[in-house]
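Student: Right, I'll just put the structure down here and ask away after.
There are 2 protein chains.
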Amino acid sequence: MKQINIGILGCGIVGTGVAKLLMEKQAMLESRIGIPLNLKYVADLDTLTDRGITFKQGVFISDANKAINDPDINIIVELIGGKTFAKEFILRALQNGKHVVTANKALIASFGNDIVRTAVENGVDFAFEASVGGCMPVIKSIRESLVANRIDSITGILNGTCNYILTKISQEGCPFDIALKEAQAKGYAEADPFLDVEGHDSAHKLAILAALAYGMEINLENIHVEGISRITPMDIEFAREFGYTIKLLAISKNHTDKVEARVHPAMIPITHPLAHVNGSMNAVTIDADATGQTMLYGAGAGMMPTASAVVSDIADIARNIMAGSNTRVPILGSPKSNIRKIPILPVTEISTCYYIRLEAADHPGVLSKITGILGKRGISIQSVHQKGRRFNGPVPVVMITHNAMEKEVQAALNEISSLDAIPEKPVVIRIEESISS
Amino acid sequence: MKQINIGILGCGIVGTGVAKLLMEKQAMLESRIGIPLNLKYVADLDTLTDRGITFKQGVFISDANKAINDPDINIIVELIGGKTFAKEFILRALQNGKHVVTANKALIASFGNDIVRTAVENGVDFAFEASVGGCMPVIKSIRESLVANRIDSITGILNGTCNYILTKISQEGCPFDIALKEAQAKGYAEADPFLDVEGHDSAHKLAILAALAYGMEINLENIHVEGISRITPMDIEFAREFGYTIKLLAISKNHTDKVEARVHPAMIPITHPLAHVNGSMNAVTIDADATGQTMLYGAGAGMMPTASAVVSDIADIARNIMAGSNTRVPILGSPKSNIRKIPILPVTEISTCYYIRLEAADHPGVLSKITGILGKRGISIQSVHQKGRRFNGPVPVVMITHNAMEKEVQAALNEISSLDAIPEKPVVIRIEESISS
């Protein structure tokens, strides 16, 4: 074999970055990997945009099938995104005996089990380091570096847009809408920020990490998801007073025959390593039985960081091809036969501590009613704080609970909401004490 | 091949941990790797200590040569430590065609080039993930995940003992001696703490990381090393006032034809990700051209975290053996033919900002003399702080410089020290602004 032939499908931001790395760093990559990586095709329907790269004659094509069907192509790199063409192209490439690299978390989270099965049936590699945490090597770490560990939990800041917005609210006290607009202006948030700010992008990534960590099939459907659009500067300020910061976390915990998997804003102690991950950066802590807590931190998105992760997958596969050692590491960390269907615990069954903020009409007896409702459901209170006192309206009351069952908390809050003295639905933010280092 | 046969040399703390993982997690490891890992021998001269493990008949031996010379042994795991027997055993194992895993940073830092050459000549793997940063996958990250990057700098907290002591001084204001005694009592520091607190252990690790990061031969000799024994609570308190924290850092920077490599206490801004790495934890930030800044964080020492890293190397090699893909990744990241001898920049040639604290007799004109000496050598001052005023003795003066050449700072300080008004040698701590995120 003289070289590894690569076809990139999709020449958007990340595709352009990968093409750049393969072309500009060809000599360095060949020296490190031991064989040239030849970018044979870059396929994109948009043939007009100037991407700042000069491709050799015949490299840039508009028909992805030309790459997928070329017998000389060893590796297909899918960077189209979305779940329509991308899925079809990946499956066909695998069936054609091509190894596939992708950064498409939405696709893997929804159809990963089919894709993994197809890759295994065809004896080829399917790699997706860039799908979670950009350049952080979280997938390699779980599959290879933690091979001797039972992973107990994973907690991640996996969406740079949300982290940027929360950092901005936290540092400048501006409301969510303003912070979002600034994130959009700076290119950190999409024009349609729904997938990001409502937590779905983080859930896609969590579905992938949980499968790898616990040897389970990918299961996006049952992950509980809440976004950050209801977080206010006031809650962040209260959090700070209690020694916490608010982050959008993707949390999963291993209960052996069940897995906790949820995405929501959470308060974490400022002593936690994730508390200082600011701006658009991503980070993930992994708690495992032999290592204890480890953390990875890096740019979770962006052209070159993501491209770096894609090329690391290409290099791994190139090394496998040279050694004839494809499928050297099982795609999900364990061989297909050992991957179990593990149910995800309904969020009502989790237990954690809670921050509850409500507006209560300031007349005697309200607090006693509220604490009575909580007490009846076994929810014990760590502290209550009444902030200021207004004579013409409700005052904010903040309560921090001890560890309590989510379903009891939800039921209690429904009951509290129905009180005449509580004009608005209480704000509830989970507190993750147990992940403190 | 039915199984991978492993011989551990040295059954101290880490050796015991590795034996435990291999025995207690045999089924899980076999499932993930696809072949059983069989612990055939554990060799140690101390046959009396109860290690809390029951070995099968014939596994525990006192003669390491039995393992090294057994034709069935595939992987030798050297966990004796030190540079005498360990070196001899490793070289002989490699010559016998065994793959070798070790955690022995002192040995690699001093004799790594010979060992790598011997491994390459014999076509076997030599792996040492556990030698730097315990369970953090820093070596795998540099060799594999960052394959498409030019690494610009590496900055690490690589010694848990020092970080524990500095955290303690910082949080409790106790002097160095007391903090060291507590570290010893808690088992974080050796009875002879010299290698740790004087920075040599960090230098061993930095020599390894620099070689991997920049494609250079391992070069311990020319690394500048200072320890933490002169750090006082007063300096930590001043650092805090200026928005810094003090850490023992292992720093290397890539200047293409020269490399900066130095270990010393440094002030870093509290906004830097390394500033919040406390207690005995380790962390390393890597700045690279495609990824930007990434960080790894985890337990840098201890039985099970270190054992986890050793077993990840064993698993990698087992996968290579199964696929016939030994030496799949070059030992130093690039093939031997591309490893260059790159000189390390003398510390006098570096430039950075400086914190200078001196005790000055409080009489008019002293400050003007001092700033005159600094100015003459092109050292410009960001700020000067005179702390308190004593009538019967010297007062502490703290100066923060702008970026300045180390050799000019040293020369200026020599001149300042010779002034009558300066009774004691000034305290100098480098400030690493440039590594701020």
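First to last, the protein sequences are chains A and B. For the first sequence, the numbering used here begins at 45 and goes up steadily by one. For the second sequence, the numbering used here begins at 45 and goes up steadily by one. The beta carbon of each residue, even a glycine, is placed where N, CA and C say it ideally should be.
1) Could you check which residue in A:V86, A:N118, A:D107, A:S197 has the C-alpha nearest to that of T98 (chain A)?
2) Between the alpha carbons of L138 (chain A) and N266 (chain A), how many angstroms are there, rounded?
3) Grab me the residues of I120 (chain B)'s own chain with a C-beta within less than 7 Å of its C-beta, minus the 5 sequence neighbours each way, in chain order.
4) DSSP has A332 (chain B) in a bridge; who is on the other side?
5) Note down, in chain order, all residues in the stretch 308 to 331 of chain B with a beta-carbon under 7 Å from any beta-carbon belonging to chain A.
6) Can you give, in chain order, each stretch of the beta strand (DSSP E) that sits fully within the stretch 135 to 168 of chain A and has at least 3 residues?
7) Bridge partners for F104 (chain A) per DSSP, in chain order?
8) Would you call the stretch 305 to 324 of chain A and the stretch 164 to 176 of chain A in contact, with 3 or more CB pairs under 8 Å?
9) Which chain A residues are close to K184 (chain B), counting only those with a beta carbon under 9 Å from its beta carbon?
10) Quick check: the Cα distance between P115 (chain B) and L123 (chain B), rounded to an integer number of angstroms?
11) Within the stretch 312 to 384 of chain A, note down every full alpha helix (DSSP H) run reaching 4 residues or more, in order along the chain.
12) Going by beta carbon distance, what residues of the same chain come within less than 8 Å of P181 (chain B), once the five residues before and after it are set aside?
13) Nearest to S424 (chain B) by CA position, among B:A63, B:N447, B:N193, is which residue?
14) Report, in whole angstroms, the separation of the C-beta atoms of N82 (chain B) and S197 (chain B), which I expect to be a contact under 8 Å.
15) Residues of chain A with CB under 7 Å from A334 (chain B), in chain order?
16) Give the secondary structure of T91 (chain B) by DSSP, where H, G and I count as helix, E and B as strand, and everything else as coil.
17) Does DSSP put M443 (chain B) in a helix, in a strand, or in coil?
18) Of all the CB atoms in chain A, is at least one closer than 8 Å to the CB of I48 (chain B)?
19) Is DSSP giving T300 (chain A) helix, strand or coil here?
20) How big is the Cα-Cα spacing for P309 (chain A) and Q337 (chain A)?
21) Let's test the definition: count the other Cβ atoms within 10 Å of the Cβ of I479 (chain A) and tell me whether it reaches 16, buried, or not, exposed.
22) Could you give the uninterrupted runs of the alpha helix (DSSP H) lying entirely in the stretch 214 to 274 of chain A, keeping only those of 4 residues or more?
23) Take H244 (chain A) as the anchor and find which of A:L402, A:V307, A:E165, A:P219 has the nearest alpha-carbon.
24) Starting from T396 (chain B) and walking both ways along the alpha helix (DSSP H), at which residues does that stretch end?
25) Specify the secondary structure class of G178 (chain B) as computed by DSSP and reduced to three states.
26) I want to see whether chain A comes within less than 8 Å of R76 (chain B), judged by CB atoms only; does it?
27) Is the distance from the Cβ of G377 (chain B) to the Cβ of L256 (chain B) below 8 Å?
28) Within this structure, are the beta carbons of A147 (chain A) and V58 (chain A) separated by less than 8 Å?
29) Can you check DSSP and say which residues form a bridge with Q430 (chain B)?
30) Taking the beta strand (DSSP E) that R474 (chain A) belongs to, which residues open and close that run?
31) Please tell me whether V176 (chain B) and I252 (chain B) are closer than 8 Å, where the distance is taken between their beta carbons.
32) Distance, Cα to Cα, I466 (chain B) vs I183 (chain B)?
33) Could you pull out every residue in the same chain whose Cβ sits closer than 6 Å to the Cβ of H429 (chain B), ignoring the five residues on either side in sequence?
34) Is the shortest distance between the beta-carbon of S480 (chain A) and the beta-carbons of chain B less than 8 Å?
35) Looking at V191 (chain B) and L73 (chain A), is the spacing between their C-beta atoms short of 8 Å?
36) Need the endpoints of the beta strand (DSSP E) that V121 (chain B) sits in, please.
Tutor: This is what the structure gives:
1) A:V86
2) Going by the C-alpha atoms only, they are around 28 Å apart.
3) G51, L53, A111, I112, A137, K142, V144
4) B:I195, B:G336
5) The stretch 308 to 331 of chain B vs chain A, Cβ under 7 Å: P317, H320.
6) 143 to 146
7) A:V86
8) They do not touch, by the three-pair rule.
9) Within chain A, the residues near K184 (chain B) are P181, K184, S185, E188, S189.
10) Roughly 20 Å separates the two Cα atoms.
11) 347 to 367
12) Closer than 8 Å at Cβ, skipping near neighbours: E173, L340, A353, S356.
13) Of B:A63, B:N447, B:N193, the smallest CA-CA separation from S424 (chain B) is found for B:N447.
14) Not confirmed; about 42 Å, so no contact.
15) L65, M348, P349, A351, S352
16) coil
17) strand
18) It does not; no Cβ of chain A falls within 8 Å.
19) coil
20) In a straight line, the C-alpha of P309 (chain A) is about 21 Å away from that of Q337 (chain A).
21) Confidence in I479 (chain A) is poor, its pLDDT being 46 and thus under 50, which makes the residue's placement unreliable; the coordinate value appears in the next sentence. Buried, since its Cβ has 16 or more Cβ neighbours within 10 Å.
22) 220 to 229, 238 to 241, 244 to 258
23) A:V307
24) Element bounds for T396 (chain B): not the alpha helix (DSSP H) but the beta strand (DSSP E), 395 to 405.
25) coil
26) yes
27) yes
28) yes
29) DSSP output for Q430 (chain B) lists B:V441 as bridge partner(s).
30) From DSSP, the beta strand (DSSP E) with R474 (chain A) extends over 471 to 475.
31) yes
32) 46 Å
33) Excluding residues within five positions, the ones whose Cβ falls inside 6 Å are V442.
34) With a pLDDT of only 38 at S480 (chain A), under 50, the local geometry of the prediction cannot be trusted, and the value read off the model is given with reservation. It does not; no Cβ of chain B falls within 8 Å.
35) yes
36) 119 to 122
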